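To keep things clear, I will list the structure first and then write my remarks on it.
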Amino acid sequence: MARILTGIQSTGTPHLGNVLGAIRPAIELAQDTQDESFLFIADLHSLTQIKDGSELRANTYAAAAAWLACGLDTDRTVFYRQSDVPQCTELAWYLSCFFPYNRLTLAHSFKDKSNRLEDVNAGLFSYPMLMAADILAYDANEVPVGKDQLQHLEMARDVAGRINHKVGREILIEPEARTNDATMYVPGTDGAKMSKSKGNLLDPFADEKTLKKVINKQIVTDATPLEEPKDPESSVVYKIYKLVASPEEANAMASKLLAGGYGWGHAKKDLLGALVDGFSQERDTFNRYMADLPALDAELAKGADKARTVANATVNRLRSAFGY
Ligand code: ADP
Ligand code: TRP
Numbered sequence: 011m012a013r014i015l016t017g018i019q020s021t022g023t024p025h026l027g028n029v030l031g032a033i034r035p036a037i038e039l040a041q042d043t044q045d046e047s048f049l050f051i052a053d054l055h056s057l058t059q060i061k062d063g064s065e066l067r068a069n070t071y072a073a074a075a076a077w078l079a080c081g082l083d084t085d086r087t088v089f090y091r092q093s094d095v096p097q098c099t100e101l102a103w104y105l106s107c108f109f110p111y112n113r114l115t116l117a118h119s120f121k122d123k124s125n126r127l128e129d130v131n132a133g134l135f136s137y138p139m140l141m142a143a144d145i146l147a148y149d150a151n152e153v154p155v156g157k158d159q160l161q162h163l164e165m166a167r168d169v170a171g172r173i174n175h176k177v178g179r180e181i182l183i184e185p186e187a188r189t190n191d192a193t194m195y196v197p198g199t200d201g202a203k204m205s206k207s208k209g210n211l212l213d214p215f216a217d218e219k220t221l222k223k224v225i226n227k228q229i230v231t232d233a234t235p236l237e238e239p240k241d242p243e244s245s246v247v248y249k250i251y252k253l254v255a256s257p258e259e260a261n262a263m264a265s266k267l268l269a270g271g272y273g274w275g276h277a278k279k280d281l282l283g284a285l286v287d288g289f290s291q292e293r294d295t296f297n298r299y300m301a302d303l304p305a306l307d308a309e310l311a312k313g314a315d316k317a318r319t320v321a322n323a324t325v326n327r328l329r330s331a332f333g334y
């Protein structure tokens with residue numbers, strides 16, 4: 011049985027792109043597999059950017075509530091906060107002592123900012139070592155990541171290999187990256203890829219009033235008069251609707267747009283309905299958790315117990331190998 015592990019950034023409530031492109035596929039995968047899966051919120055990595063404690067906590071809760079609301083089963087997946095496993099930071103130190111400084115200077119996470127060195131803290135510089143510790147602490151075999159994380163994965167394999175070589179046996183497992191080429195593309199309200207950095211988000215957990223405002227104000231439509239035919243494929247409203255409605259509903263909207271007599275206002279109303287109804291169960295669960303943080307803490311604590319046991323065993327192996 012392989013162990014699959016991945017970390018998720020906690021930069022706020024996941025948006026529709028995160029939910030359709032990452033959360034749902036990951037949950038489906040975890041349900042279908044016989045493998046063991048570990049999933050954690052990388053809230054220690056967040057500290058490289060976010061220095062406000064209440065913001066950091068709120069982001070972690072929102073991410074956790076969203077995953078649980080989308081159906082993550084904590085009896086099948088070890089779900090925890092990175093910061094609940096201090097063994098990881100200890101391991102990150104050991105790894106750092108075996109990894110060449112020069113290789114770290116090539117990491118994208120750091121290089122992207124290296125023209126503004128005054129913005130780079132030492133945590134950001136050693137980000138790949140903490141990420142390697144996240145993986146190696148749990149003897150993970152496979153790590154599903156986006157292509158932007160492949161270099162970090164390569165560093166995790168590299169440092170594991172260096173330590174194995176030094177101690178003369180496989181004390182750490184060299185993990186394999188697993189990338190998914192068939193990832194979904196969810197457009198944002200402006201038609202570009204939905205992304206936190208672009209401010210073009212739809213929040214499927216938001217209430218009807220908020221969603222209505224965002225859809226009506228932010229989604230751009232052309233000036234074709236109501237009675238004229240419209241091209242569904244060139245419209246953001248339709249493109250998003252197609253991703254959240256059933257195929258029959260999507261076909262019905264396409265036919266109405268092509269026939270004319272159906273305006274963008276109608277299409278936006280139908281999109282609103284699809285989002286409000288399609289995520290009603292998830293929204294209820296999300297709100298229930300956000301109103302009951304102890305329940306959320308209890309779910310995360312369950313995973314943390316298991317995670318700490320595994321990480322502790324790994325750290326103990328290294329401690330004795332290094333003479334501590
Ligand atoms: P953002 O671009 O908003 O910062 P992240 O880079 O944190 O999002 O992405 C987290 C996960 O969500 C990744 O697996 C990514 O592929 C997925 N994802 C993000 N935006 C989209 C989108 N617009 N469509 C599909 N998947 C997305
Ligand atoms: N760096 C990853 C990202 O930006 C998040 C992450 C942290 C991670 N630790 C990890 C992913 C370990 C996979 C395995 O998305």
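Counting in my numbering, the sequence shown runs from 11 upward without gaps.
Just so you know, even glycine gets a beta-carbon here, dropped at the ideal spot from N, CA and C.
It should be emphasised that the depicted structure is a prediction, and the values quoted were computed from it without experimental measurement.
Item	Value
Proximity test, Asn69 beta-carbon vs the ligand ADP heavy atom, cut-off 7 Å	no
Any 3 or more C-beta pairs closer than 8 Å across the segment 88-101 and the segment 137-152	yes
Candidates Lys222, Arg167, Glu38, of which the one nearest Ala147 by Cα	Arg167
Contacting residues, own chain, Cβ-Cβ under 8 Å from Gly31 (five flanking each side not counted)	Thr193, Met194, Tyr195, Val196
Bridge-paired residues (DSSP) for Leu49	Thr16, Phe89
Uninterrupted alpha helix (DSSP H) stretches inside the segment 229-283 (no shorter than 4 residues)	246-254, 257-269
Short Cβ contact (8 Å threshold) for Trp77 with Ile14	no
Close Cβ partners of Ala73 (< 7 Å) along its chain, the five nearest in sequence each way excluded	Ile18, Ser20, Pro24, Ile51
Where the beta strand (DSSP E) through Ala187 begins and ends	186-188
Gly22 Cβ short of 7 Å to the ligand TRP heavy atom set	no
Sheet register partners of Pro197 (DSSP bridge)	Lys203
Whether Leu303 touches Tyr71 by CB criterion (8 Å)	yes
Distance cut-off 7 Å: Ile145 Cβ against heavy atoms of the ligand TRP	yes
Nearest neighbour of Leu236, chosen from Ala269, Leu281, Asn297, Asp122 [CA to CA]	Ala269
Contact test: Gln59 Cβ vs the ligand ADP heavy atom, cutoff 7 Å	no
Which listed residue (Ser245, Leu282, Gly275) has its alpha carbon closest to that of Ala264	Ser245
Paired residues, beta bridge with Pro154 - DSSP	Arg188
Nearest candidate by alpha-carbon position, reference Met11, set Thr43, Gly22, Leu39, Leu26	Thr43
Cutoff 8 Å; reference Asp53; Cβ partners in own chain excluding five residues on either side	Ser20, Leu66, Asn69, Thr70, Arg91, Gln92, Ser93
Lys266 beta carbon less than 8 Å from that of Ile229	no
In chain order, each alpha helix (DSSP H) run of at least 4 residues that lies wholly inside the segment 100-140	111-114, 118-121, 132-135
Extent of the continuous alpha helix (DSSP H) run through His162	160-177
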